[in-house]
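>
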Amino acid sequence: MRTLYRFIVAGALSAPLLVGAAGLASADTNYNHDSTVAGPDGAWHYSVCAGTDGHGNSYYREHLSWSGPHGAGTSNTGSSAGHHHHHDDDHHDDD
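Quick note: to get this note's numbering, add 172 to the position in the sequence shown (first position is 1).
#1: If you follow the beta strand (DSSP E) that Ala199 is part of, which residue opens it and which one closes it?
#2: Given a cut-off of 8 Å, decide if His242 and Ser219 are closer than it, judged by their beta-carbon atoms.
#3: By how many angstroms is the C-alpha of Gly245 removed from the C-alpha of Ala210?
#4: Comparing alpha-carbon positions, which option in Ser251, Gly226, Ser247, Thr224 lies nearest Trp238?
#5: Does DSSP put Asn248 in a helix, in a strand, or in coil?
#6: Among Gly254, Ser207, Ala222, which one has its Cα closest to the Cα of Trp216?
#7: CA-CA distance, His255 and Gly223?
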């Protein structure tokens, strides 16, 4: 009887830990940052975002645009991993 009591107590104490761990494993994470500057010599805009969706998928995007007295330009960097890609990718690999 004492062994059964210990088993029940151990199960009751570990249940909240298991539920909490499952919540952590499926949590979405996101980070976003944007900056924009304009002045007499030009302007630029920078943005970055990264995150996960809780299903093993992750992404990273970075964008920079600028203009000034000598021209303008843009730069994009992106990466994703996992089965489903939820964000726009410039290149798709259909292999």
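Built from N, CA and C at the ideal position, the CB exists for glycine as well.
Let's see:
#1: Indexing the sequence shown from 1 puts residue 199 at position 27. Here Ala199 belongs to no beta strand (DSSP E), and DSSP marks it neither H nor E.
#2: Numbered from its first residue, the sequence shown carries residue 219 at position 47. Numbered from its first residue, the sequence shown carries residue 242 at position 70. Taking 8 Å as the Cβ cut-off, Ser219 and His242 do not qualify as a contacting pair.
#3: Your numbering for residue 210 matches position 38 in the sequence shown. Your numbering for residue 245 matches position 73 in the sequence shown. If you take the alpha carbons of Ala210 and Gly245, they lie about 15 Å apart.
#4: Within the sequence shown, the letter at position 66 stands for residue 238. The residue with the shortest Cα to Cα distance from Trp238 is Ser247.
#5: Numbered from 1 along the sequence shown, position 76 holds the residue referred to as residue 248. Reduced to three states, the DSSP call for Asn248 is strand.
#6: On the sequence shown, residue 216 is found 44 positions in, with the first residue counted as 1. It is Ser207 whose Cα lies nearest to the Cα of Trp216.
#7: Taking the first residue of the sequence shown as position 1, residue 255 is located at position 83. Taking the first residue of the sequence shown as position 1, residue 223 is located at position 51. Approximately 15 Å, taken between the alpha carbons.
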